[in-house]
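Notes to accompany the following structure.
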Amino acid sequence: MSISMPMPASAATPARTARTLIEIDRLNLYYGDFHALKNVSLDIPERAVTAFIGPSGCGKSTLLRSLNRMNDLIPGTRIEGRIAIAGTDIYSPEVDVETLRKKVGMVFQQPNPFPKSIYDNVAYGPRLHGIRKKSRLDEIVESSLKAAALWDEVKDHLKRSALSLSGGQQQRLCIARALAVEPDILLMDEATSALDPISTLKIEELVQQLKDRYTIVMVTHNMHQAARVSNQTVFFLNGEVVESADTEQLFAGPSDSRTEDYISGRFG
Amino acid sequence: MNLLQGGNRHQIARRRKIDFCLHLLFAAATSVGVIALCALLIDIIIDGISRLQPGLFENFPSRRAERAGMKSAIVGSMYMLCIMLPISFVLGVGAAIWLEEYAGKNRFTRLIQLNISTLAGVPSIVYGILGLTLFVRLLMLQRSLLAGALTMTILVLPIIIVSAQEALRAVPKSRRDASYALGANRWQTVSRAVLPSALPGILTGVILAMSRAIGETAPLIMIGALTYVAFLPKHMLDQFTVMPIQIYNWLSRPQPEFHELAAAGIIVLLAMLLLMNFAAILLRNKFSKIS
Ligand SMILES: Nc1ncnc2c1ncn2[C@@H]1O[C@H](COP(=O)(O)OP(=O)(O)OP(=O)(O)O)[C@@H](O)[C@H]1O
Ligand SMILES: [Mg+2]
Numbered sequence: 001m002s003i004s005m006p007m008p009a010s011a012a013t014p015a016r017t018a019r020t021l022i023e024i025d026r027l028n029l030y031y032g033d034f035h036a037l038k039n040v041s042l043d044i045p046e047r048a049v050t051a052f053i054g055p056s057g058c059g060k061s062t063l064l065r066s067l068n069r070m071n072d073l074i075p076g077t078r079i080e081g082r083i084a085i086a087g088t089d090i091y092s093p094e095v096d097v098e099t100l101r102k103k104v105g106m107v108f109q110q111p112n113p114f115p116k117s118i119y120d121n122v123a124y125g126p127r128l129h130g131i132r133k134k135s136r137l138d139e140i141v142e143s144s145l146k147a148a149a150l151w152d153e154v155k156d157h158l159k160r161s162a163l164s165l166s167g168g169q170q171q172r173l174c175i176a177r178a179l180a181v182e183p184d185i186l187l188m189d190e191a192t193s194a195l196d197p198i199s200t201l202k203i204e205e206l207v208q209q210l211k212d213r214y215t216i217v218m219v220t221h222n223m224h225q226a227a228r229v230s231n232q233t234v235f236f237l238n239g240e241v242v243e244s245a246d247t248e249q250l251f252a253g254p255s256d257s258r259t260e261d262y263i264s265g266r267f268g
Numbered sequence: 001m002n003l004l005q006g007g008n009r010h011q012i013a014r015r016r017k018i019d020f021c022l023h024l025l026f027a028a029a030t031s032v033g034v035i036a037l038c039a040l041l042i043d044i045i046i047d048g049i050s051r052l053q054p055g056l057f058e059n060f061p062s063r064r065a066e067r068a069g070m071k072s073a074i075v076g077s078m079y080m081l082c083i084m085l086p087i088s089f090v091l092g093v094g095a096a097i098w099l100e101e102y103a104g105k106n107r108f109t110r111l112i113q114l115n116i117s118t119l120a121g122v123p124s125i126v127y128g129i130l131g132l133t134l135f136v137r138l139l140m141l142q143r144s145l146l147a148g149a150l151t152m153t154i155l156v157l158p159i160i161i162v163s164a165q166e167a168l169r170a171v172p173k174s175r176r177d178a179s180y181a182l183g184a185n186r187w188q189t190v191s192r193a194v195l196p197s198a199l200p201g202i203l204t205g206v207i208l209a210m211s212r213a214i215g216e217t218a219p220l221i222m223i224g225a226l227t228y229v230a231f232l233p234k235h236m237l238d239q240f241t242v243m244p245i246q247i248y249n250w251l252s253r254p255q256p257e258f259h260e261l262a263a264a265g266i267i268v269l270l271a272m273l274l275l276m277n278f279a280a281i282l283l284r285n286k287f288s289k290i291s
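Just so you know, the sequences run in chain order A and B.
At position 50 of the first sequence (counting the first as 1) the number is 50 in full-length UniProt numbering, and the numbers step up by one without a gap.
At position 203 of the second sequence (counting the first as 1) the number is 203 in full-length UniProt numbering, and the numbers step up by one without a gap.
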C-alpha cells in the first residue's frame, strides 16, 4: 500500500459515535435524460465534517445541492429516492423549501456577496425571515461575524461595501451570512478553491471550530484538505458512491481499488 | 537576433498599409454622421436662436408670429410624460420581471418574446391607429391627454420591456443563488437581490423610452392631438398638444417667421432630449461602478 501524500496529523475525533443526521436512501437524480446520481445511499453524521471527493463531473455538487433542494431551481431535474434530515423526508410535499434552506445553509465556490454593505449582507437572511429590530440584527451580525472569524477585521467598517473585502474575507462573509439564519447544516461547495493558501487555512480552521455546533458537508478537490478537516470522507465516481468511511481509515487503507487510485493521484 | 529577422518585411509593410487605410475609412464613416449632425444643429441654431426668448415659453400659439409661443405644447409634453412614466414603468418592468424571473422557458414565452421584439420595430403610425381605435373610440376617451399618453405608453412598452429584461439578465445567477440558499422565496429574491442591481439599467431604458416618446409625432397626429391649443389642459380628459406637433404646425406655414419659431422649438426639444440622454449615461456609469 503506497500512499503518496502525507497523512493527516490531526484528523479530528472519529465520527463513529455521532448520530446520523442526514440519511440518503437510493437517490437517483436526472438532468433531463442525463443520469447524474445513481442509487446513492449515504449516512451523514451530526456535528461532524463530511467531505465529498471525486473527479470533476462525478456528481458531488449535484448531491450537495439536493440536500437543500437548490436543484429545484434547475429546470428539467428529476429526483427519485429519499433524503431524510432528522427523520423528515425533505422532498415530501409538507416540507417548505424556504424553511429547509434556512436550516441547511450553503457556501458557494466563488464568494458571492451582495453588492451591499457588510452589515446588510449578514442581515439579509434574518431580515428575510422577519427580524426587523435593529438591536436584534446588530446582535446577529456581530455573533455571525465572530463565528466566521471575520469580526475583528471588519468591526470598524460594517457600513463599507462587501465588495471592498479581499476574496478570503468575502468567503468568510458568505459563511457569516449563512450562519446568520441559524442553520443546523452547512454545505460548502469547494468553498476554498478560489482562495489563496492563507485564506484557505483560515477557513479550514474555521470549519474545525464550527463542527462542534454544525453538521458540515464539504466538497473538495484538495485531498489534503479532506484529510485535514473531515471526519468522514465519501468518494464519488460517475454519479455513484464508491466508498464512504472514516477519513483516517479511507486515506490509510481504502477498501476499493478505485479509491486508492484516486487518492494516490493515479487518475482524476 | 532572430527576432528581428524572422518576419517577412514586405508582408508586414503591406499589412500596416491596409490597417492604415481601414483606419481612414472608418474615421471617414464616422465623420459623415458627425458632420451631418453638426450641419443640422448649426442650421437650426442660426435660424432659431433669435426666437429663443422668454416669449417662446410664456405665450400660447398665435396667428401672429411675434406673439406666438409653445407654452401649451411644452406643458402638454410634460403632462404626457408624467402620465406615461408610472404606467409604462409598472407595466414594462412588471412584464420583464415576469418573463425573466417567473415564466419558464417554453414555447409560449418564446412566442411572447418574439412578439415583443417585433413590436419594438413596428412603425409608430400603427400605434396611432391602435390608439385611435382603442382609446379614442372604444374607451371613448376622445382626443384627450389621457388617450395620447396611453397610446404612447403602448408605443414605448416594448422598448422598456426589452431593456429591463437585459438589465435583469445582467445580474449574475450567483446572486440569485445566494438569496435562495438563505431561504428567500422568489419575490424576496427578485426585490432584494436582483432589482437593486438591475435598477440603474432599468431606469436607463425607461429614460431612453421617454426621450423617444417626447419626440414622437405621428401617432399623436393620428389620434388627433390638436395643433392649436391656446389653453393648458386642466385634467386628463382635456385636449392637448405636444412639442413636435407644434413644431410641425409652424413648419407647415408659409411665413418665414414661423419657421424661425419652429427652429427655436427644435432647439428646446433637442435640449430636453440631450438632458434625458445625459441622465441615462450618468445612471449607466453608476451601474458599472457598483456591479
Ligand atoms: N444544470 C445541469 N444540467 C445538466 N447537466 C448538469 C447540470 N449540472 C451538472 N450537470 C452534469 O451532472 C454531472 C455532475 O455534475 P456536478 O456539478 O455535480 O459535478 P461535480 O462532481 O461537482 O464536478 P466538479 O468537481 O467539476 O464541480 C456532470 O456530468 C454535469 O455535466
Ligand atoms: Mg462541483
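Glycine is no exception: its CB is placed at the ideal position from the N, C-alpha and C atoms.
For ligand 2, is there any heavy atom lying closer than 7 Å to the beta carbon of residue i?
i	result
A/Asp-189	yes
B/Val-136	no
A/Lys-60	yes
Do residue i and residue j have their CB atoms nearer than 8 Å?
i	j	result
A/Ser-92	A/Ile-79	no
A/Leu-63	A/Val-97	no
B/Met-236	B/Leu-85	no
B/Pro-244	B/Thr-204	no
A/Leu-21	A/Ile-44	yes
A/Ile-263	A/Met-223	yes
A/Arg-172	A/Ala-194	no
B/Gln-188	B/Ser-179	yes
B/Gly-183	A/Arg-101	yes
A/Ala-176	A/Ser-117	no
B/Thr-151	B/Gly-121	no
B/Arg-175	B/Ala-193	yes
B/Leu-155	B/Ala-213	yes
residue 304 of chain A	A/Val-219	This structure cannot speak to residue 304 of chain A, because chain A is shown only from 1 to 268.
B/Leu-269	B/Pro-200	no
For residue i, tell me which candidate among the options has the shortest Cα-Cα distance.
i	options	result
B/Ser-77	B/Pro-254, B/Asn-285, B/Gln-255, B/Ile-247	B/Ile-247
A/Pro-111	A/Arg-69, A/Arg-136, A/Ser-164, A/Ile-83	A/Ser-164
B/Ile-160	B/Leu-119, B/Arg-137, B/Val-136, B/Gln-188	B/Leu-119
B/Met-80	B/Glu-58, B/Leu-220, B/Asp-177, B/Arg-64	B/Leu-220
B/Ala-96	B/Ala-280, B/Ile-202, B/Ala-230, B/Arg-253	B/Ile-202
A/Ile-53	A/Pro-115, A/Met-188, A/Asn-68, A/Ile-198	A/Met-188
A/Glu-142	A/Ile-131, A/Gly-130, A/Lys-155	A/Lys-155
B/Ser-117	B/Ser-163, B/Gly-94, B/Arg-64	B/Ser-163
B/Ala-147	B/Leu-273, B/Thr-241, B/Arg-15, B/Asp-43	B/Thr-241
A/Gly-59	A/Val-49, A/Asn-71, A/Ala-48	A/Asn-71
B/Glu-66	B/Met-272, B/Lys-173, B/Glu-260, B/Leu-269	B/Glu-260
A/Thr-88	A/Gly-76, A/Lys-103, A/Thr-77	A/Lys-103
B/Gly-55	B/Asp-43, B/Ile-42, B/Leu-41, B/Lys-71	B/Lys-71
B/Pro-254	B/Pro-172, B/Arg-186, B/Arg-63, B/Val-75	B/Arg-63
A/Val-229	A/Phe-236, A/Phe-251, A/Val-242	A/Phe-251
B/Leu-195	B/Glu-166, B/Ile-12, B/Ala-263	B/Glu-166
B/Glu-101	A/Gln-225, A/Val-217, A/Pro-75	A/Pro-75
B/Val-90	B/Asn-277, B/Gln-239, B/Ile-281, B/Val-206	B/Val-206
Any idea which residues DSSP pairs residue i with across the strands?
i	result
A/Ile-185	A/Val-104, A/Thr-215
A/Leu-237	A/Glu-240
A/Asn-28	A/Glu-80
A/His-221	According to DSSP, which records beta bridges pairwise, A/His-221 is partnered with nothing at all.
A/Asp-43	A/Glu-23
A/His-35	A/Tyr-30
A/Val-49	A/Ile-216
A/Ala-245	A/Thr-233
A/Asp-89	A/Ala-84
Consider the C-beta atom of residue i and the heavy atoms of ligand 1; say whether any pair is separated by less than 7 Å.
i	result
A/Val-217	no
A/Cys-174	no
B/Ser-31	no
A/Gly-57	yes
A/Tyr-31	yes
A/Ile-74	yes
A/Ala-51	no
A/Ala-36	yes
B/His-10	no
For the segment 44–74 of chain B, list the alpha helix (DSSP H) runs that are entirely contained and at least 4 residues long, ordered along the chain.
-> 54–58
4 or more residues per run - each alpha helix (DSSP H) lying fully within the segment 236–287 of chain B = 243–251
Those runs of the alpha helix (DSSP H) which lie wholly inside the segment 108–195 of chain A and span at least 4 residues = 118–128, 134–147, 151–154, 167–179
Within the segment 171–236 of chain B, note down every full beta strand (DSSP E) run reaching 3 residues or more, in order along the chain.
-> none
Alpha helix (DSSP H) segments (min. 4 residues) lying fully within the segment 126–180 of chain B | Within the segment 126–180 of chain B, the alpha helix (DSSP H) runs of at least 4 residues that lie entirely inside it are, in chain order, 145–169.
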